[in-house]
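Number 227 marks the last residue of the sequence shown (full-length UniProt numbering); no jumps.
Just so it is clear, CB atoms sit at the ideal spot from N, CA and C, and this is done for glycine as well.
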Amino acid sequence: MKNNLGFIVLLISGMAQLCFAQTHAAELKKSCIKSYPQAKNDTDSTIIDLYQQLCDKTARKNMHLQQQLSTQIAKRYVEVGDHLKALNLIEQLHQQNYIHQNLTDLKFLAGIGISSQSLEQMRSTEVRALNDFTYPQAKSLTEHIYLAQPVAKFSESASTTARNSKVKNTKNKPNNPVKQSLSQNKNKVSKSNLKNNTAAISNKKTESISTRTHTPSTNPFGSLNNN
């Protein structure tokens, strides 16, 4: 019994020390918060650890390291959904003339996150749709995203469109080739009969004209010529 009690006491003591260590590690120095006010009230352990590295003496003497750490913090802000802090940090980096594709991507993702949150508030809380002012902007953004999609996705989309068009054209074609063949044969027979009838009528007219041409004329002075 005493052994069990001692084990429980040690376990509780160890857990208390662990919690204290985590709490202590999660705290930032006042000087660090003064240098980076946006870090105030942050509770994410990853963000706090990055700020601690940023406030370290080594980073203070290395501008490139500061920019890399700030980029990682902005990325973490986007991941946890704190998009405004991410945008503020990205703007600070831009003011330092630090331009990078990663920052552009993070800025885009943060903007999309803010737009999604606002749209969710419109539909769920305010129960309304986009208006004449906001819808054209959203539509324009959608079109730009479509044009900027990766090449593989764009090719896949084009293939899908071509495949759908081919299926549509196939549906519009006659489904009974035998019926189509019979119809074509019927048209050929009709044209042949019409051609034969036309030729017969033409021959008949020719014969009639020829007969009228060779018939002897009844000349009233013919008997005088014989005399």
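#1: Cβ of glutamine 121 within 8 angstroms of Cβ of asparagine 88?
#2: Taking 7 angstroms as the cut-off, does the CB of glutamate 126 come closer than this to any heavy atom belonging to the ligand NAD?
#3: Whose C-alpha, out of Ala110, Glu27, Arg123, His83, is nearest the C-alpha of threonine 46?
#4: Rounded to the nearest angstrom, what separates aspartate 42 and serine 118 at their Cα positions?
#5: Measuring CB to CB, does threonine 71 end up less than 8 angstroms from leucine 109?
#6: For glutamine 96, which of Thr160, Gln68, Glu143 has the nearest alpha-carbon?
#7: Could you pull out every residue in the same chain whose Cβ sits closer than 7 angstroms to the Cβ of alanine 74, ignoring the five residues on either side in sequence?
#8: Skipping 5 residues on each side, what residues in its chain have a beta carbon closer than 8 angstroms to that of cysteine 32?
#9: Which term fits leucine 84, buried or exposed, when burial requires 16 or more other beta carbons within 10 angstroms of its beta carbon?
#10: Rounded to the nearest angstrom, what separates residue 243 and tyrosine 98 at their Cα positions?
#11: Assuming residue 230 contacts valine 80 (C-beta within less than 8 angstroms), just tell me the rounded distance between them.
#12: What is the DSSP secondary structure of tyrosine 135, reduced to helix, strand or coil?
#13: Let me know the secondary structure DSSP gives residue 315 once reduced to three states.
#14: Classify aspartate 82: buried if its beta carbon has 16 or more other beta carbons within 10 angstroms, exposed otherwise.
#15: Smallest Cα separation from threonine 142: which of Ser116, Thr58, Gln101, Thr125?
#16: What is the rounded straight-line gap between the Cα of arginine 76 and the Cα of glycine 113?
#17: How should leucine 93 be labelled, buried or exposed, when 16 other C-beta atoms within 10 angstroms of its C-beta is the threshold for buried?
#18: Look up lysine 29 in the DSSP assignment and say whether it is helix, strand or coil.
#19: Return the CA-CA distance between leucine 147 and glycine 111, expressed in angstroms with no decimal places.
Judging by the given coordinates:
#1: no
#2: Ligands displayed in this structure: none; no statement on the ligand NAD is therefore possible.
#3: Glu27
#4: 23 angstroms
#5: no
#6: Gln68
#7: Ala86, Leu89, Ile90, Leu106
#8: Ala39, Tyr51, Gln52, Leu54, Cys55
#9: exposed
#10: Outside the displayed span of the chain (1 to 227) sits residue 243, for which this structure offers no information.
#11: Shown here, the chain extends from 1 to 227; a query on residue 230 therefore has no answer.
#12: Note: tyrosine 135 maps to helix in three-state DSSP.
#13: In the structure displayed, the chain extends from 1 to 227; residue 315 sits before or after that span and is not available.
#14: buried
#15: Ser116
#16: 13 angstroms
#17: By the 10 Å Cβ count, leucine 93 comes out buried.
#18: coil
#19: 18 angstroms
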